[in-house]
Each structure stands twice: as C-alpha cells, then as structure tokens.
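Student:
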Amino acid sequence: MKALTFLLLPAVCLVAGAVDPPAPDKEKEKEKEKPLGPLREQYQLAAKKYEFFLDKDKKKPLTLEPKPVFSWANDDDWSGDVFVWTAGGKPRVIGCTLSGPGKEDRPAFHEFHTLSPDPLGPVAMTAKYTWTPPGIGFHKQDGAPAATPAGRLPQMRGIARDLSAWMEADGKWELRLLPQPLMRYQPAEGDVIDGALFCWVWTKGTDPEVIVAVECHRTADKKLEWRIAPVRFSNRELWLKNGDRELWRVPVHRDEQGDTWSNVYTTRYAGRIALPQPKKNP
1 MKALTFLLLP
11 AVCLVAGAVD
21 PPAPDKEKEK
31 EKEKPLGPLR
41 EQYQLAAKKY
51 EFFLDKDKKK
61 PLTLEPKPVF
71 SWANDDDWSG
81 DVFVWTAGGK
91 PRVIGCTLSG
101 PGKEDRPAFH
111 EFHTLSPDPL
121 GPVAMTAKYT
131 WTPPGIGFHK
141 QDGAPAATPA
151 GRLPQMRGIA
161 RDLSAWMEAD
171 GKWELRLLPQ
181 PLMRYQPAEG
191 DVIDGALFCW
201 VWTKGTDPEV
211 IVAVECHRTA
221 DKKLEWRIAP
231 VRFSNRELWL
241 KNGDRELWRV
251 PVHRDEQGDT
261 WSNVYTTRYA
271 GRIALPQPKK
281 NP
C-alpha cells in the first residue's frame with residue numbers, strides 16, 4: 001500500500017461569513033461509549049481463561065500480556081480486543097475476543113492464531129475439542145537489517161508498506177494497513193533479535209483481518225536477515241501481494257471435525273455476553 005504524505009499548510013483565518021463548526025453532541029458520544037467499558041472488561045476476562053504452553057507436557061506456559069495490543073470497533077456494532085501471549089518476550093499466540101450487536105446480550109466469538117515456529121502444546125478450547133497448532137513458516141525477505149533497533153524500525157515499516165492485503169467479502173476488498181505496529185518486540189534470547197506485528201483492517205472500521213510478523217533473525221553464521229510470516233485473522237478468503245506478485249493466500253476457513261483441531265488458526269462461538277441494563281426509576 002502507498003504511504004500517505006501529510007502537508008502542513010499555513011492557517012488562514014476567514015472573518016467575513018465565517019461559520020463556527022457545530023458543537024459535538026456530547027450525549028450521543030456518551031451513548032456510544034457506554035457499552036464499550038463493560039465489554040472491554042468482558043473481553044479481558046475471557047482472554048485470561050486461556051492457557052497456552054510451548055510444550056506438550058505443559059511445563060512451559062506462555063504469558064498473557066496484561067493489556068490488549070489493539071482495541072477495535074466496526075460501523076455495524078461489532079467490537080473486540082486483541083491479545084498476545086509471549087515466551088521470552090516473543091509473541092507465540094495472538095487472539096481476539098469479540099462480540100456482535102444485541103439488545104440485552106451480545107453473541108461472543110474467540111479466535112486464535114499461533115505465531116510460534118514450533119508446535120505448541122495441546123489446549124482444551126472447549127469440552128468438545130482440543131487445539132494442537134503446528135508451527136508457522138517464516139519466509140526470507142530481501143535487504144540487510146540495520147545494526148540498531150532505531151534503524152530497523154523504519155525498515156520494518158517499509159517491508160509492511162510494500163505489501164498489500166486483500167479479502168473476499170461479497171467482492172474483493174483491499175485492506176488498510178495501520179500506520180503503527182500492534183507490537184514491537186526484542187527478545188533477549190534466541191535467534192530473533194527484533195520484530196513487529198503489522199495489521200491490515202477492513203475499511204468498515206478497524207477489525208483486524210490480516211497480520212504479518214516482520215522479524216530480524218540471526219543466522220547460524222551470525223548474519224542478520226529479514227523474515228516475515230503472514231497470519232490470517234478472519235474466516236474469509238485472504239491473500240497478500242507485493243506489487244503484482246501474490247505471496248500468500250488462504251481459503252475460507254472451515255472448522256475441523258472431531259475432537260482435535262490442528263490448524264494454525266481456530267475460531268469458536270463463545271456464548272453470549274450479558275449487558276448491564278439501565279436502572280429503572282421507581
């Protein structure tokens with residue numbers, strides 16, 4: 001996607017015929033904000049119930065980052081919070097707890113994608129199925145990483161800007177790249193010395209649909225190289241391009257059958273969230 005350039009122009013004061021802009025309707029703004037506070041609390045509580053592990057024996061737990069890395073809302077009253085579970089400072093699972101419109105309660109859904117290059121330990125998502133995600137692949141990119149973190153961040157942004165993300169939803173949609181990464185990380189150990197999670201959202205709001213991990217890896221011969229891993233964050237068909245060249249495509253997501261699901265991505269219906277009702281006057 002093309003980078004946006006903002007021009008700062010000198011302010012011009014028009015006196016004759018000037019009209020003050022209408023004051024914002026504070027009551028309407030309050031009404032919009034009312035349901036989000038309780039909802040955000042519910043999203044956080046839901047995320048805390050999940051436990052992920054690096055190993056099948058469940059001796060190496062992942063750590064849930066205390067705050068969501070992103071909070072989003074759509075025009076049609078869907079909203080959600082995005083959470084990350086880490087090990088040694090590196091994100092290993094990314095998930096979203098979200099809900100849709102409802103009068104007295106809202107349908108809730110949870111989705112997760114592994115970010116680990118190695119298989120994770122089995123996770124009981126519900127009483128009916130266990131998620132056993134395999135590892136994901138990271139693909140080498142051209143260019144030499146800078147020697148410093150300050151020098152690498154603009155390089156990572158440049159890699160993300162060179163990509164375009166697309167989604168099929170009753171037609172082909174080009175998704176919008178958020179200007180800031182969801183998360184920047186610099187693990188103290190391992191081959192990954194720097195990384196960031198970049199996010200593409202739908203134009204109807206800020207619902208994340210595609211995420212790309214851009215990482216600087218140290219190779220066996222002590223050299224640095226860029227690698228990326230595309231991540232689906234939607235059950236729709238998605239694809240990623242660099243110019244006219246398609247790099248990655250995933251079909252519509254279908255739930256697996258049986259009691260063990262082994263896709264890198266999983267999503268499920270999570271019941272309903274009851275909304276606090278306004279107090280009635282006596």
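The numbers in the UniProt record's numbering rise by one with no breaks, and the one at position 140 of the sequence shown is 140. Ideal Cβ placement from N, Cα and C applies to all residues, glycine included. Remember, predicted model here, so these are calculated numbers, not experimental data.
Across the segment 188-195 and the segment 161-173, are there enough close Cβ pairs to call them in contact, namely three or more that are closer than 8 Å?
Tutor: No: the two stretches stay apart, fewer than three of their Cβ pairs being nearer than 8 Å.
Student: If you run the structure through DSSP and keep just helix, strand and coil, what is TYR43?
Tutor: Of the three classes helix, strand and coil, the one that applies to TYR43 here is helix, per DSSP.
Student: For the pair the segment 216-231 and the segment 79-91, tell me if three or more CB-CB distances fall below 8 Å.
Tutor: Touching, no, given that fewer than three Cβ pairs across the two stretches are closer than 8 Å.
Student: In angstroms with no decimal places, state the Cα-to-Cα distance between LYS90 and ALA147.
Tutor: When rounded, the distance between both Cα atoms is 20 Å.
Student: Between LEU275, ALA274 and ALA270, which lies nearest to ALA127 when the distance is taken from Cα to Cα?
Tutor: Residue ALA270 is the option with its Cα nearest to ALA127.
Student: Name the one or two DSSP bridge partners that MET167 has.
Tutor: Paired residue(s): TRP173 and LEU238.
Student: Using the C-alpha atoms, what's the distance from GLU209 back to PHE233?
Tutor: Answer to the nearest angstrom: the Cα atoms are 5 Å apart.
Student: Can you tell me the Cβ-Cβ gap for VAL214 and TRP226, rounded? I've got them flagged as a contact below 8 Å.
Tutor: That pair is a contact at about 7 Å.
Student: Using alpha carbons as the reference points, say which of GLN141, LYS140, ASP142 and PRO119 lies closest to THR132.
Tutor: Closest option to THR132, Cα to Cα, is PRO119.
Student: Counting along the chain, where does the beta strand (DSSP E) carrying GLN141 start and finish?
Tutor: Note, GLN141: beta strand (DSSP E), 139-141.
Student: For the alpha helix (DSSP H) containing MET125, list its first residue and its last residue.
Tutor: Careful: MET125 lies outside any alpha helix (DSSP H) and carries neither H nor E.
Student: Considering only residues of the same chain and omitting the five flanking positions on each side of LYS239, which have a CB-CB separation below 7 Å?
Tutor: According to the sequence as given, residue 239 is Trp; it is not Lys. Excluding positions up to five away in sequence, the list reads TRP166, GLU246, TRP248 and ARG249.
Student: So, using beta-carbon positions, are PRO122 and PHE138 closer together than 8 Å?
Tutor: Taking 8 Å as the Cβ cut-off, PRO122 and PHE138 do not qualify as a contacting pair.
Student: Check whether the Cβ atoms of residue 283 and ARG40 lie closer than 8 Å to each other.
Tutor: Outside the shown range of the chain (1 to 282) lies residue 283, about which nothing can therefore be said.
Student: Using CA coordinates, which residue listed in HIS253, ILE228 and ASP244 is at the minimum distance from ASN235?
Tutor: Measuring from the Cα of ASN235, the nearest candidate turns out to be HIS253.
Student: Go through the segment 47-117 residue by residue and report every complete run of the beta strand (DSSP E) that reaches 3 residues or more, in order.
Tutor: For the segment 47-117, whole beta strand (DSSP E) runs of length 3 or above, ordered along the chain, are 70-73, 79-87, 90-99 and 105-114.
Student: Based on Cα-Cα distance, which residue from LYS204, GLY205, PRO181 and HIS217 lies nearest to LEU197?
Tutor: That would be PRO181, whose Cα lies nearest to the Cα of LEU197.
Student: Based on Cα-Cα distance, which residue from ILE228, ASN263 and ASP259 lies nearest to TYR129?
Tutor: Ranking the options by Cα distance to TYR129, first place goes to ASP259.
Student: Quick one: is GLY195 buried, meaning 16 or more other Cβ sit within 10 Å of its Cβ, or exposed?
Tutor: So GLY195 counts as buried.
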